[in-house]
Structure formats: C-alpha cells, structure tokens
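So the structure is just underneath, and the comments pick up after that.
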Amino acid sequence: MSAQKPQGHERVYCVSCTVSDCAAEVCTEHETCWQKHVDRDDPEDRHKHQIVDPFPSMFVDVVTHSEISKERLKRLHEEDESARWFSVKLGEEEPELWQYDRFIRLCDPQRTGSRDIQNHFPSFVSFIGDTSAGKSTIVRAMLLLGMLKHPQCECCFATDAITTKSNLVNCSRHIGSSMPVTRSGNIEDKRDSTTFGVHLYLDDASTAEKLPSPKLDSPLPIPIGPATEYYPLLFVDCEGFNADDATTNAQKMVQPKDHIGVKKDPITAQCYSNKRKSGIDLFYARVLYAISDVIVYVTTHDQTFRPDLIRVLEWASAAVKKSYNQPSRKTLIIVRNKEDSEVPYTNAMLEKTYLHSLDGKLWDGPRASPVLKAFVKDHNRTVQQRHHIESNRDLYDALFQDIRCCSIPHKDVVIKTGQLSERLPRPVEVYNSLKELRNVLELAADKGRRERSGTFAHYNVAMFNHILIRTFDHFRSSEDPLDFYRAARRDNPTPHNIPDHVANFLRIALESRTTAPPGVEDMIISAIASMCFVYAQRCQQMFPDSAVDTVELFEHDLQKSWTQGLLKYLAEYETCSQTFPGSNGTLMHCTVKGRHNHTLHVYSPEPGIPGSKKARQEWGEFSPRRSWTLDDQKAWYTRIKRCIFDLYHRAFVSLSSPGVRQAIRLRRDAYRTQNGNYYGLWKILQSNKTCLACLQSVPDHVLSCGHSYCPRCVQELANESQSFESAFDMKGCILCGTHGQAHLHHQIRLKPRCAGVRILTMDGGGIRGIVELALLRALGTEIGLSIDIGDMFDLVVGTSTGGIVALALVMAKAEDRSYEAMINFFQKAATQTFRHSRAGFDVGTKFLMLLGKYGSKYSSEPLKHALSHFFGEETILFAPATSRGAQSTTRVAVTTAKDEGGSEYLIANYNRPKGNWERFEREDQAADDMRIWEAGLATSAAPFFLPPFFKSAAKADYVDGAVYANCPAKVAMEEKENLWPDGGTSLDILLSLGTGRQVKTKPKILTALRYGAFTPLLKMFDRQMNTESNWDDLVRTSPTNIQARLYRLNPAVKGRAGGYVDIDDEDEVDHLLELVKWWTTKEGLLRIQHISHTLVANLFYFEPDPRAIPEEGAMALSGSIRSRLQHKSESLDFLLTNKVSAFWHTTVHRTEVPHISNLAASRWRLVKNRYGVTTEPARMIVEEDGIEKFRLNFEVLCSQSGAAYHVLAVQLAGVPMKIAISGFPATLEELGERSRGQWLQ
C-alpha cells in the first residue's frame, strides 16, 4: 500500500499487512501499519490519504531513473557495452561497420551450434527516433514488463505478490546488460546522446506454440520436427537521429573494447560513406527495416508531429525498395512519449489527429517532403492507376502494413488552479500506457510472425543468423536491393515429404531456365504419373494380399500430394515473367519469387551473370509465366490421371498374375518408353535433394551422368551385383538414356540389413594429424589384407586435420589411397601451409594482426593448392562419379562451424535418408555443391591460424569444426541414427583416433593472440582442445553394452626437445611419425591387435533365411554367415585360408553382453553347415547364380533358457578368444526387425 501525501511530503509504502498468509496485493481487510502512518498527520489532513497499489509508482521510478553517480553510470555503460549489436564508426577515411556476436549470444547462450534452438523463430521490434526521445526508457519498460510475465530471477520471489514485484523491479537495477542505460542525471551530460550504435535485448516473455499432431493415418511421409515452436522477441535500441557527430556519453565514459568479439569491415557503398551521420542513419534504416516485423518511432513533441511523421516515412521510403522477397510487411507504431496535457491522450485520438486529419498531402505543398515527393512520383509512374498514391492513407499503405499510435504520459503533470500550479504524479497512467504499448507490440509482432510462418520466411535462429550476416555484408558494400530469397537460401530447398519433392521438381523443371524448354509440361506430367505409379507399386509390395488400384489411390491420396506440391511451388518458387531491357538487346527477368505481396518488380543480378550489372526496379503486380487458374489445374490433373491409367494398364491389367519383380521390370521398361521422348530435357534437370526417379525420397547415389537415385530406386531399377553381397550394378541412367554404355556402369554397395555399423572418428590437431595416419598404417599392417583401410568402416567422421585425413581415406583417387601416398601428401601440405606466416616471421605477423591488417596467422592458399591437387579441382564430394566415373562406398563426413561459428554443420558425401537437413550442408545443384578440397578447407580453418573459408554458392563462411567437436565421436553416434533411423542397426565398433596426448592443456595461440572478431570462437576452440575429456563424457553416458564397443587410440606425444607440439609446428611432423611408429610396436601393440581382430571379425555378417525370419520365441536361428569382401578376391581367399579357423554360437544374458570374450569355452557351440558337417572356412564356397560365393548356411537351436542375446562369433587363427561378427550380440526380436526390412540403406 502507499500513503500518498500532499506535495512536499515523502511517500510512505506499506508492502504487506500483518497477516502472514495474506496474498492480496493491496490488502483492505486486515490490520496494517496504515493507521500508524495516517495518525502522524494532522486530523485535517487525514482525508487526503488513500490506499493505492504502490507498484506502478515503483515501476515508473525504476524505468525513468536517471543516474547521477558518474561512477555507477560508468559501470552501467561498461555492462551495456556487451549489449551492442552493431555500429558504424566514422573515421578519417571510409566508415567502418563494427559487428558484435550479440545476436547469437542472446539466442544460443550455451553455444550449442544451434543444436538446442532449431525450433526457435525470433522476431525483431526496432525502436528509432531522435536522441533524448526516450527510446531506451521505453525499451527498458518493455523488458521489465516481460520479466513480470515470466520472472527468471529466483531472488525476486517472495511470499506475497507485491513483494515479488518490488523485488523484481529492484533487481532490475543490478542486472547490467539485460537493460538499456537511461539518460544521465548530470546536467553536463544532458546535451549528448546516451549510447553509441545499435543495441539488442532479449525479452523474457517469449511465447511458445504447440504444433498440431500429424495425421498418423496418412499414407504420405510425415516430416519429422519439434512438437513445440518458440518465438523469442528481440528489442532493438537504435542510437538517436539528429545527434550529429557528437561523442555519446557511453563513448566518453567507456573506452571501447573493440578487440573483444568485434568484426570490422569497411563500408564501401557510396550512399553512406559521403553523408557522415545522415549516412549512418540511412544504413541503420535499411538494415532495421529489412529485418524487423515492427518499427517503433518515438517522439516527444506535438508541435513537431508532422515533421516527425514525415521523417519516419522518409526513413521507410529509403528502405522499402532496398529489400524484397519478404512475404511480411512492417507495422509502424508511433509513440507520443512524455505527453503532459491535463487530459490524457487516447490512442484513437492520436491516430485521428496526427494521421488522418493532417492538412494537405505530405509530399505536396509548401511544407512537402522532397523525398516523399520523389517516392510518390516513382511509385505512380510504374503502377496501375488503381494502385496510385493519391492520399496520405495511400502513402501509409505503400510503406507499412499498419500504423498505430500510442501515448505515454509524462510521469508528472502540472495542474494549474488560478495563479497556483501543482505537480501531481501519474504513475498509474504511465504504467497502464506502457502495458497497453506492450500489448500492441506483441500483437503486431505476432501478426508479422504468423504471416511469415506460412511462407519461406519462417526463419529459425540459425537461418536468421545467416541472413543477418548476409544483410550486413550486402548493405555495407552495395546500393542494390537485398534479396531475402537468396539470403535465406530458399534457392536451395530442403524437401521432407512427397509434396516438397513435387514442388522441388517443378522448381527445377520450370524455373531452372529463364524460358521453359519445349515439351517440359508433357515431361512433368509423365514424371508425376510415374511417381504415382511407383507409389502404388510400393504399396502393393507392403500389402501383397490386397489389390491396389493406382488410379483410385491417386484420386484419394496422391492427388493431395500433387496439389500441395503445386501450391508450394506457386508460393515459394514461381518466378514473375516481368522483364527489363538489358545490354545488347538481352532481357533481364524479375527475380521476385511467389505471388504473395508482390508489389515490386526487381532485377538484381548475381555476380558473374552477363548483361546489366545494375539492379532494376519497377512497381507492379506478379505476372505469372504460365496460367495456373483452377481450370488449368484441373486440366493438369486430368492429363496426369490419364497417364497413370495408361501406366497401370500396361503394368498390371495386361498381365494375368503380375508379381512385384514383374512390376519392377515393367516400371523400368515404362520409364525407358516414356522418358525416351524427354532424354534431352532430363539431361539438364538434376537434383541432389530429390530423387527424380520416384519424387518420394532423398537421393544418395549419383551416377556419372549426374542424376542421383535413392537407395530404394537403386534396388528396384539396378541388377544385383555379381561382385559383392548387398551390391547393385546400375547399367546406366533411365532418366537421360545413358543405359547400355559400358563405361557408365555404376556399382553401389549398401549395408546388409542385419550387419552392424563400423565407425571411425578422427580428432583435430593441425600437424599432429600425422599421428592418426601412423595409427591407421599400423592397423592396416596388423589386419594384413590388401584392401583400403577406409573399406573396413561404414562411416568415417573427422574434424579439422582429422577431417582432411578422413577425406583422404575415403575420397582420394585410387592410386593415392596407399599409406605412403597419404603420408607424403600430409607432410607436404603441413610444410607448405605452416612453414611461413603471412609477414614471414611470427612477431611481425602478430603485430599486423593487432593492427587489423591480417585476420589470420597463415594464408589458406598453400593448403588450398595442396588439397585441390590431391583430390582434384572439380571433384564433388557428393558426386565424385561425375568426374571419376565411380562413387565412394564408405560414408564420410567432416565437421565445421558456419556463419561466423554460429551454427555447427556437417559436410558429407551422403544424404540422410529421411531428409533431415538440420545442420547438414548440401546444395541441390551439383555445380554449387562442395568440392572435396572445399570441404577440407571448411573443416580446418582454425580460428587465428587460418582464415574462414567462404563459399560463394552457399553465401556462407566456415571455420574449423573443432569449435564444437574436436573429438567428433559423439557427432558420429548421432549420424548413425540419422543414417539408419528407427533402430535399424547396431554398433559393431566405434574407433576414435586422437592426435596425441600432451601435458600442456592450452595451445600457445590462446595466450598469444587474444584479439580480433573471433575471440568467442577462440574460447570455444580452447574448450574443445581437451579431447580426452570429451571422449570420457561419451563413454560415461553410453549404455553399458555400447561401452564395450568404444575404442580410443591416442598415444602420448612430445616434441623433439620434449616440449609441447602446437598445431602449426610443421618441423615436428617427421618426429611424430617415428614416435607413433615406435608406440604401435611397443606400448600400443596389444590394443592395436585387439582392434584389428574386431575389424576382421566384422567383415562377416548374418543373413537370415527368408523362410524363417527370426522372432521372439523362435526355436532356432536359421540363415547364413556371409562376407563383405569381393567374391573370389585374393583378400577373401587370404582371409578364409590364413586368418579364420571356425565360427561359433552362444546365447548370453544382457549383463554378459560386455564380457563376451570372457565366456567359458563350454558356453560356445561350433557352427556347422545344414548337413551337420564342420568344414574349413576356405571350403565354405558355394555356387549361386553361376557365381562362387562364401556361404556358411546353418541352423542352431535356441535352447538356453532366459538368455535373450544370441552371439555369432569367429575365431581367428592364433587368437584364443572368440569375437562377435557384425551385428551381434542381438536378440531374436532385433534380428527379426532388421530381417523384415525389405530395402537396404
């Protein structure tokens, strides 16, 4: 309660009554100290007192508080410096843009690389206006109101609500950078602006929304995503307009720590650099207008309201045409702050008086704005008559989606009575006005967010971070408009389901050329009909006892896929047909996408595009390239249905008893028949994200022609290989007609359904990567088979130098995969990269880095040259077959950090089968995809040692993957689930290789070079250097039965002189090679032998008898043991003759799984063939389809009661223990689940 006394008396607060459990905010029921306070006054004055809620007064006092203490004010500015997001620094030459990592620090404070925030979708509310208008005060109030909704500070909570509120307000005085600094209370500081640059704050009251559950009865693939989306609200506090070039109070009191987390770039666009402070305001306008859903303009004077309104409209007109392909428009909120009339303004009164009752047009007459006049003239010149700006209301609508007015009264009002005047406080009115403004803000931000959510502009934190980087870079260097479609990489779709794949196919077919080639519509109809036919055929395989009518299936289910895909294409990918005249008679096409809110034609050329280099704009509505009226869509539907009927009739109706294999053969023939007319079209239509052979799945295998196929299409369309188990030979491409050409035959090897996964991971460590190559050489020697060590694994994941070694193991040319070739390559690359720093000597380089002349100690050019020479300049990581004629078998991925280290990413030679594109790098068009040497640079760009790698196609920069995962073992375990989801496989082995254990915990770079834009990354890099700790965490958190399959090799190392070996000590490479060679023959020998035995055992796997699929309760386990090696190869013959002695079987309890090697000999039973005969492994060769293959066909009884896990094991010559083969131990239920999977992955 508050005892309000006449002016001149101190207010007395009574925050609780005498009853301890009373929860009332203002108690009028119980005895309080109120009477004691009233009794102190004269009886005549007691009637002047009243019981009121003290909180509004407390709130307003805190919000509007002006700090007098210079010492405390300095501390507040020091704390608020960390809230700075970006600023423009004027210099003697060109201005500089200073960017801080504020956005990612707010939205991903734990630096998870966007792992934990992929379902967070932020919105921006930007506050602009003159200096001293009270922007920071209002932002402070909005943040406090958010805290009241969702208090995060534990110290604020109390037993009663009013105390909780007061604690919260008082706590806000001490929370530093979470709140803006309000104006100084010192008279000498009043004339200057308070803060410098643009500050960013995260609201505590961010909302969440639970997404609707998918329909489980839908036959279409369901996209996998989070059940709840979160919508962080971010408040932007921009430095004041009209502040000329004066030094702000923040700059006076705080020496800028520009070396901490700031990235400096010159502003080269002439429109900013020549106008001093007005140029800065223009830059801020274009950036903030581009990214914000809501603009809040704060003003304090009624007399200047018209010029203030003109100014904010000029501000918007300078920015509205500088960004496009944004589905949502902006809301403007004009705040009349510190209003001091006796009768408070209402919002409706403001809107009527200041928006709709102005005299004359704002762009016409003696007080007209020349800027708005030029804008209106340009607008009316290029739009239809009905869209002309004829009134102020038309002008508002052209610039904003909506304009609202809000009033916030001054906290004190002067009341005059005759000759007397009295200043009365109005805390309740101020508090209520601020709450009302908060509600208006939230509604406007939510409206903008919902408008974006149904379009391609639904950006999560990682994508927004990417967009912000591109936005800053674009506006500082260009006067052309910013294309949000390109900035958000919507030109690189991420399909998850059939409608997405259909939309992507339409995009490729209709939008990949400025004019669609002849016959493309017929080809599209044929492809969609084939998609429906394939879907029906697959349904028939799933339900063989039920007849599937393709036409009926299309009408009831697949028609939805076509319609949804078409609508997505029209909304996101369709291009306007408007053209602009270019040089030499060429035509330049409008680059605006989709019909939503299309009011402006724009041509914005990309670098390297011939013709005009200057952006062109013209007002106008969307002009489609082809008609898509309802009648047109119905005509397409009719033609597709007719084509489906023809396919269905030929494939099924004409056959008396069509089986699955017959249908597949007919599908192959039908493709060739139909596509024969479109071979020329198919040759120019390719996708890395949509399997064009079925339009239902993500492709994973690229042929020499560039077309990629999903694993299921490979198995349906290819022939079973005569060389390997679970392998298939593609005799050519059924899309572009390259079948029958021997040099285009393509072998694709898949993981057997019951086999486990073998994983190899390699840490980062610069030149110490030679340790990993030495360990691999020792393993290969111990294995003793003439096969590449990379073929002993299904998945290889590397970070930094370990990523380069991983790429060499899997992606090197065949002649360069020997250990000698790889070691030689590594030695040369290390020497060329780290022999000379940029200035020729370390001290000079570091000095020049301090001056900002260099961003890294070494140039990346020597490493780029070494990588491109070793792997090939044009060899694509995902599609090496296009340049080499053969695809890699082992899957390989390297870790990296994208967008100035804001997001963790993987770059891989494979796709994830369920279309999970989160933190996964893939370009849809092969020409834009990562080359192998680019992947090597992206994973190894260690902060301060090497510069970030920038890829223009992705419009992104990449730094060393060690920022997030220097030991990538955990990443590899996650990728196992992404590649073989739903428990589709078990883990055989995860072998982690380190780059050497050392006593020193920090590389010397961390003490020598603590400066520059990537200081936060450096700290993360530092944390990841202790890879042993990361490995221990993985082992500790893994299930017990998995722990026994995790292996680590990381020998202790030291330099020639016994000291620490840093990541750039290239003269230590030869020493480390010899040191590890010695270790592998002494201390590490037994461990290397054990790992090699495990890898050899995992060359064998179990294939179930299709007539006796394992299941829980079965009396026998029936099938065959097979080998992953090539049939009739020297390696297989050597393995069976010299290394394998026998195969064994047993059953164990769950607790015994980690200790199989310790089982007593009596527990094991020798595996014999079906005739009960024990044969030497070398003689277990059978002829099948005219091919000699290794087979051990067997059947063993399941007799041991209570033992759930079966173990098939091999005994190697000279090795006493028995080692489980691939996929074991496993329960019958697990084996049954894997056996029933028809299609390999």
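Position 163, counted from 1, in the sequence shown is what the working numbering calls 181; the numbers after and before it change by one each time, with no gaps. Even for Gly, the Cβ is constructed at its ideal location relative to N, Cα and C. If you're wondering where the values come from, they're calculated on a predicted model, not measured in any experiment.
Beyond the five residues adjoining it in sequence on each side, residue 280 comes within less than 8 Å, by CB distance, of 116, 117, 118 and 1031 in the same chain, given in chain order. Contact between residue 726 and residue 744 is ruled out by a C-beta separation of about 20 Å, above the 8 Å threshold. The Cβ-Cβ distance between residue 1113 and residue 801 falls below 8 Å. About 6 Å separates the Cβ atoms of residue 586 and residue 517, confirming a contact at the 8 Å cut-off. Shortest Cα-Cα distance from residue 605 to any of 621, 337, 590 and 410 involves 621. According to the DSSP assignment, residue 312 belongs to the beta strand (DSSP E) that extends over 312-317.
Residue burial is scored here from C-beta neighbours: residue 695 has fewer than 16 other C-beta atoms within 10 angstroms and is therefore classed as exposed. The count of Cβ pairs closer than 8 Å, one atom from the region 906-920 and one from the region 489-503, stays below three, leaving the stretches out of contact.
Residue 983 has its alpha-carbon roughly 11 Å from the corresponding atom of residue 815. The C-beta distance from residue 94 to residue 199 rounds to 5 Å, short enough to fall under 8 Å.
Under the three-state reduction of DSSP output, residue 134 falls in the coil class, being neither helix nor strand. A direct Cα-to-Cα measurement between residue 412 and residue 101 gives close to 38 Å. Close CB contacts of residue 780 within its chain, under the 6 Å cut and outside five residues either way in sequence, are with 790, 816, 820, 823, 824 and 1011 (chain order). The residue from 709, 1158 and 618 with its alpha-carbon nearest to that of residue 1118 is 1158. Excluding residues up to 5 positions away in sequence, 554 lie with their Cβ nearer than 6 Å to the Cβ of residue 571 in the same chain. Less than 8 Å divides the Cβ of residue 247 from the Cβ of residue 137. Residue 482 has its alpha-carbon roughly 25 Å from the corresponding atom of residue 297. Non-local C-beta neighbours of residue 1090 in its own chain, meaning closer than 8 Å and more than five positions away in sequence, comprise 785, 786, 788, 789, 792, 1014, 1071 and 1079, ordered along the chain. One thing to note: residue 931 has its Cβ within 8 Å of the Cβ of residue 997. With 16 or more other CB atoms across the displayed protein chains lying within 10 angstroms of its CB, residue 1224 is buried. If only complete runs of 4 or more residues are kept, the region 739-786 shows no alpha helix (DSSP H) anywhere. Between residue 895 and residue 835 a beta carbon distance of about 16 Å is seen, past the 8 Å cut, so the two are scored as non-contacting. When C-alpha distances from residue 845 are compared across 1253, 78 and 884, the shortest belongs to 884.
If you ignore the 5 residues before and after residue 333, its C-beta comes within less than 6 Å of the C-beta of 303, all in its own chain and listed in chain order. Comparing C-alpha distances from residue 324 to each of 352, 560 and 580 shows the shortest one belongs to 352. Ranked by Cα distance from residue 611, the first of 703, 509 and 637 is 509.
With a cutoff of 8 Å on beta-carbon distance, residue 797 and residue 909 are scored as not near each other.
Checking the DSSP bridge columns, you'll see residue 423 partnered with 352.
Per the C-alpha coordinates, the member of 741, 665 and 1140 positioned closest to residue 547 is 665. No Cβ-Cβ contact shorter than 8 Å links residue 348 with residue 259.
Beta bridge pairing from DSSP links residue 1134 with 1215. Residue pairing of residue 1143 in beta bridges, as defined by DSSP: absent, with no partner found. The shortest CA-to-CA distance from residue 881 to any of 898, 853, 903 and 904 is the one to 853. Residue 443 is bridged by DSSP to 430. The alpha-carbon of residue 1103 is positioned some 29 Å away from that of residue 1181. Assignment of residue 541 by DSSP, reduced to helix, strand and coil, places it in the helix class.
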